[in-house]
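Working notes, structure below.
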Amino acid sequence: MSFGETPITIVGNLTADPELKFTDTGSALARFTVASTPRTFDRESNQWRDGTSTFFRCAAWRALAEHIAESLAKGSRVVLTGRIRQHDWKTPEGENRSMLAVEVDEIGASLRFTTVTIDAKRPNGANKPNASSDPWATDGAPAADAEPPF
């Protein structure tokens, strides 16, 4: 992240399936919207009440974009981090327009209300890392008195 950028973390649900497109140069771009709705407990009625939803337009690039399109769908609850970007343009009528969007750096499924199975994809396509590329790899089972690596 560059100096002066506005970081943001959002927890919410996808409002539709991610839209995956490819640029002329072949870079993948996923666009999607996340709705974040605060909930508060009303002690008088003994019920949860939904607040006003906030909708965040999001974009992700390259491998992250492809993983999002393959893994997430409408209604998926996610936790994402990214940077707020302002986009300015002129309409065909010459009016100035502006919008804020989130450029996604990281995204994952929220585990608060569900479970997921991770299918780790390696950049080189290998299923298992080799010892030379994995600093956490061991030759076998750790010794009984070994300290954890953290």
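The C-terminal position of the sequence shown is numbered 150 in UniProt numbering, with every residue numbered one higher than the one before it. Ideal Cβ placement from N, Cα and C applies to all residues, glycine included. Remember, predicted model here, so these are calculated numbers, not experimental data.
What residue range is occupied by the uninterrupted beta strand (DSSP E) comprising residue i?
{"i": "ILE84", "result": "77-90"}
{"i": "GLU106", "result": "96-109"}
{"i": "LYS7", "result": "What sits at residue 7 in the sequence shown is Pro, not Lys. Element bounds for PRO7: 6-14."}
{"i": "VAL34", "result": "28-36"}
{"i": "LYS21", "result": "19-22"}
Can residue i and residue j be called in contact, C-beta distance under 8 Å?
{"i": "SER45", "j": "VAL79", "result": "no"}
{"i": "ALA69", "j": "ILE107", "result": "no"}
{"i": "ARG57", "j": "THR6", "result": "no"}
{"i": "THR37", "j": "SER53", "result": "yes"}
{"i": "GLY26", "j": "ARG39", "result": "no"}
{"i": "residue 155", "j": "VAL102", "result": "A query on residue 155 cannot be resolved here, the shown segment of the chain reaching from 1 to 150 and no further."}
For the putative contact between residue i and residue j, defined by C-beta atoms under 8 Å, what is the C-beta separation to the nearest angstrom?
{"i": "ALA35", "j": "GLY12", "result": "5 Å"}
How long is the line joining the alpha carbons of residue i and residue j, rounded to whole angstroms?
{"i": "ASN96", "j": "HIS87", "result": "11 Å"}
{"i": "ALA65", "j": "LYS90", "result": "27 Å"}
{"i": "ARG43", "j": "ALA120", "result": "44 Å"}
{"i": "ARG49", "j": "ASP24", "result": "46 Å"}
{"i": "GLY4", "j": "PHE55", "result": "23 Å"}
{"i": "PHE22", "j": "PHE113", "result": "33 Å"}
{"i": "GLU67", "j": "ALA28", "result": "According to the sequence displayed, residue 67 carries His and not Glu. Rounded to the nearest angstrom, the two C-alpha atoms are 10 Å apart."}
{"i": "ALA146", "j": "ARG85", "result": "The predicted position of ALA146 is uncertain, since its pLDDT is 49 and thus under 50; no value can be drawn from it."}
{"i": "THR81", "j": "ILE10", "result": "6 Å"}
{"i": "residue 164", "j": "VAL104", "result": "Only positions 1 to 150 of the chain appear in this structure, which leaves residue 164 out of reach."}
Could you please give the first and the last residue of the uninterrupted alpha helix (DSSP H) stretch that includes residue i?
{"i": "LEU64", "result": "62-71"}
Taking 7 Å as the line, does the beta carbon of residue i fall inside it for any heavy atom of the ligand HEM?
{"i": "PHE3", "result": "Questions concerning the ligand HEM fall outside what the structure shown contains, since it holds no ligand whatsoever."}
Would you call the stretch 66-77 and the stretch 12-25 touching, i.e. three or more CB-CB distances under 8 Å? yes
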